[in-house]
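Q:
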Amino acid sequence: MAAPGSMRAEELTRHAGGSAHWREVLEQRWQRKLDEVIILSRACYDSQAPTPGGVTEGHGMAAGRLALRLAEAHEELAEIGATIEVIAADSPMTCDRCGRAIPYEWVIEDAYMGECPDCALDSVRWPRESARSRAAA
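Counting from 566, one number per residue, gives the positions in the sequence shown under the numbering used here.
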């Protein structure tokens, strides 16, 4: 069996158990993320509402954190949606760095992952090796 990063599209679909299963898994994740966006949107809106005394409560760090979480949730929702589209088209996900196919199992674990397992491992290893070489110098 070929390494996961070097599989052709047909092998990838066979290996992953069919794209329909993975699409369903991601659609469930998308729905949960949409629910999160709705809840965070409501919380942001409520935090900006004036109190009976006319003071807006939304000022401060809490409102800023809510807005940041909402922006991140929107971005994650878009990433999940883009991944669903790729899987629906029966196209393999490809690594942003090397262009090899990314196994569906890897994508399902982290729909925001743009790298194959090998490149992701290199990304983690590189800073450590860099720190070691600086310490040795």
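Using N, Cα and C, we set each Cβ at its ideal position, and we do this for glycine too. These figures come from a predicted structure and were not determined experimentally.
1. Whose C-alpha, out of His586, Leu591 and Trp587, is nearest the C-alpha of Glu641?
2. Is the beta carbon of Ala673 less than 7 angstroms from the beta carbon of Ser584?
3. Which whole runs of the beta strand (DSSP E) in the segment 599-663 are 3 residues long or more, in chain order?
4. On a CA-only basis, which of Trp587, Cys681 and Glu601 is nearest His639? Give me that one, please.
5. Quick one: using the 10 Å Cβ neighbour count with 16 as the cut-off for buried, is Tyr610 buried or exposed?
6. Whole angstroms are fine: how far does the CA of Glu637 sit from the CA of Ala647?
7. To the nearest whole angstrom, what separates the beta carbons of Leu633 and Ser606, a pair I think is in contact under 8 angstroms?
8. Tell me the rounded alpha-carbon separation between Trp595 and Ala628.
9. What residue from Leu599, Ile604 and Pro668 has the CA that sits closest to Glu644's CA?
10. How long is the line joining the alpha carbons of Leu577 and Cys663, rounded to whole angstroms?
11. Residues in the same chain with beta-carbon distance under 7 angstroms from Trp587, minus the five sequence neighbours each way, listed in chain order, please.
A: Reading off the structure:
1. The count along the sequence shown starts at 1 and reaches residue 641 at position 76. Out of His586, Leu591 and Trp587, Leu591 has the C-alpha closest to the C-alpha of Glu641.
2. For this step, residue 673 is matched to residue 108 along the sequence shown. For this step, residue 584 is matched to residue 19 along the sequence shown. Reading off the sequence, residue 673 comes out as Ile, not Ala. Cβ distance not < 7 angstroms, so Ile673 and Ser584 don't count as in contact.
3. Listed in chain order, there is nothing to give.
4. Working through the sequence shown from its first residue, we reach residue 639 at position 74. Among Trp587, Cys681 and Glu601, the Cα nearest to that of His639 belongs to Glu601.
5. Position 45 of the sequence shown, counted from the first residue, corresponds to residue 610. With fewer than 16 other Cβ atoms from the protein chains shown falling within 10 Å of its own Cβ, Tyr610 counts as exposed.
6. Indexing the sequence shown from 1 puts residue 647 at position 82. Indexing the sequence shown from 1 puts residue 637 at position 72. Straight-line Cα distance between these residues: approximately 15 angstroms.
7. Residue 633 sits at position 68 when you count from the first residue of the sequence shown. Residue 606 sits at position 41 when you count from the first residue of the sequence shown. That pair is no contact at about 13 angstroms.
8. Taking the first residue of the sequence shown as position 1, residue 595 is located at position 30. Taking the first residue of the sequence shown as position 1, residue 628 is located at position 63. So the alpha carbons of these two residues sit roughly 25 angstroms apart.
9. Within the sequence shown, residue 644 is the residue found at index 79, counting from 1. Among Leu599, Ile604 and Pro668, the Cα nearest to that of Glu644 is on Leu599.
10. Position 12 of the sequence shown holds residue 577. Position 98 of the sequence shown holds residue 663. Legend: pLDDT at Leu577 = 43, less than 50; position of this residue unreliable, no value from coordinates given.
11. Position 22 of the sequence shown, counted from the first residue, corresponds to residue 587. Answer for Trp587: Ala581, Ile652, Tyr669 and Ile673, listed in chain order.
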